[in-house]
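Worksheet: the structure to be examined is printed underneath.
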Amino acid sequence: MEIMKRFIIALQFLTIVRLGRNIQVEPKELGRSMGYFPMVGLVLGFILVLFNTFSLRILPAPVVDAISIVILIISTGALHLDGLADTIDGLAGGNSREEILQIMRDSNTGAIGAVGLTMTLLLKYIALMNIPHETKNQVLLAMPMIGRWSMVELSLFSKYARSTEGIGLPFTAYLRKREFLFASATAILASFALLGIKGIIIMIVIGLFVWGSARFLKGKIGGITGDTFGAVNEISEVLALILVLVLLKNF
Numbered sequence: 016m017e018i019m020k021r022f023i024i025a026l027q028f029l030t031i032v033r034l035g036r037n038i039q040v041e042p043k044e045l046g047r048s049m050g051y052f053p054m055v056g057l058v059l060g061f062i063l064v065l066f067n068t069f070s071l072r073i074l075p076a077p078v079v080d081a082i083s084i085v086i087l088i089i090s091t092g093a094l095h096l097d098g099l100a101d102t103i104d105g106l107a108g109g110n111s112r113e114e115i116l117q118i119m120r121d122s123n124t125g126a127i128g129a130v131g132l133t134m135t136l137l138l139k140y141i142a143l144m145n146i147p148h149e150t151k152n153q154v155l156l157a158m159p160m161i162g163r164w165s166m167v168e169l170s171l172f173s174k175y176a177r178s179t180e181g182i183g184l185p186f187t188a189y190l191r192k193r194e195f196l197f198a199s200a201t202a203i204l205a206s207f208a209l210l211g212i213k214g215i216i217i218m219i220v221i222g223l224f225v226w227g228s229a230r231f232l233k234g235k236i237g238g239i240t241g242d243t244f245g246a247v248n249e250i251s252e253v254l255a256l257i258l259v260l261v262l263l264k265n266f
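Quick note, this note's numbering runs 15 ahead of the 1-based positions in the sequence shown.
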């Protein structure tokens, strides 16, 4: 029951799905639900695979790819994209730690954040459109799974940046190594099963990117926030797609 409860907590936090309305979510349980983040990513990927498989019978592939991205955005409530835009606005517009955090807290998206958001979605679409048909379903499964795993690693190597409570605090405060190891084992095994050695290479590169991001954010704002989780997730998804293309072309 504990396993199912934490999976449902992770599913409800990361998506618009609402199950088990009577579940009381304590901050500790929210943090420890991170062990199941990659599994939620696989659920999202499975939805994309179903849509891709059946829609290709009636729609051109580029249209299917575009709608797949829209489905991913809707199913997550645009949670991570919002974090990406806020993070870009803050890092681009703030000169000090306090200014960056203040800008990131503003719910209004600035011009630079909007441009960054557009570029990210465009890169994701172009990369997805160029994934070969015979590999597309494996990539659709792996991409959201790797993105959700990246947030687990970011939490492990970071502390919460704000002095007040926020959406990211339970994750940095209560994630334990056992949840990180479980999430990592899930992500590594799934990546290998879906993409073979290419999946392992992608996981290594994403892992290095997340570690570097944690160090960068520590230097800029003293740690991470809920917004930076979303930013790292989105960039990791795009990076994973680009790495697939590089590896398919060269290996």
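C-beta atoms are modelled at their ideal positions from N, C-alpha and C, and glycine is treated no differently.
Same chain only: Cβ atoms within 7 Å of Ser228, ignoring 5 sequence neighbours per side: Cβ within range, chain order: Leu169, Val247.
Distance between Val79 and Arg72 (C-alpha atoms, nearest Å): 10 Å
Extent of the continuous alpha helix (DSSP H) to which Ser70 belongs: Boundaries of the alpha helix (DSSP H) around Ser70: 52 to 70.
Close Cβ partners of Leu190 (< 8 Å) along its chain, the five nearest in sequence each way excluded: Answer for Leu190: Gly46, Arg47, Met49, Val167, Ser170, Leu171, listed in chain order.
Alpha helix (DSSP H) segment containing Thr30, residue limits: Neither: Thr30 is in no alpha helix (DSSP H) and is coded neither H nor E.
Beta-carbon spacing of Trp164, Ala198 below 9 Å: yes
Extent of the continuous alpha helix (DSSP H) run through Val40: Counting along the chain, Val40 falls outside any alpha helix (DSSP H), and DSSP gives it neither H nor E.
For Ile239, the residue or residues it bridges with in DSSP: Tyr175
His9, buried or exposed, once every other Cβ within 10 Å from all chains shown has been counted against 16: This structure leaves residue 9 out entirely; the chain is present only between 16 and 266.
Exposed unless 16 or more other CB atoms sit within 10 angstroms - verdict on Phe266: exposed
C-beta contact flag for Leu260 and Ile216 at 9 Å: Contact annotation: Leu260 and Ile216 have beta-carbon atoms that are not nearer than 9 Å.
Cβ-based burial, Ala126 [other Cβ within 10 Å; buried from 16]: exposed
Helix, strand or coil at Ile182 [DSSP, three-state]: Looking at Ile182 - three-state DSSP - the assignment turns out to be coil, as it is neither helix nor strand.
Per-residue burial, Ser178 [other beta carbons within 10 Å of its own, 16 or more giving buried]: exposed
Own chain, CB closer than 7 Å to Leu209, minus 5 neighbours either side, in chain order: Gln153, Leu156, Ala157
Euclidean distance between Cα positions of Pro159 and Ile88: 11 Å
Rounded C-alpha distance that separates Val64 from Leu106: So the alpha carbons of these two residues sit roughly 35 Å apart.
8 Å Cβ shell around Ser83 - same chain, five flanking residues per side excluded: Leu63, Phe66, Asn67, Leu143, Leu155
Boundaries (first-last residue) of the alpha helix (DSSP H) holding Phe195: 192 to 210
Simplified DSSP assignment, three categories, for Asn145: Coil.
When Glu194, Leu29, Ser111 are compared against Asp97, the one with the closest alpha-carbon: Leu29
Candidates Phe52, Gly234, Ile219, of which the one nearest Ser111 by Cα: Gly234
Beta-carbon spacing of Ile161, Gly56 below 9 Å: yes
Among Leu74, Ala25, Leu132, nearest to Val43 - alpha-carbon criterion: Reading off the sequence, residue 43 comes out as Lys, not Val. It is Ala25 whose Cα lies nearest to the Cα of Lys43.
Residues near Met8 in its chain [Cβ-Cβ closer than 7 Å; skip 5 each side]: Any answer about residue 8 is impossible in this case: the structure gives the chain only from 16 up to 266.
Selected residue, minimal CA-CA separation from Leu132, among Ile103, Met119, Lys213, Glu41: Ile103
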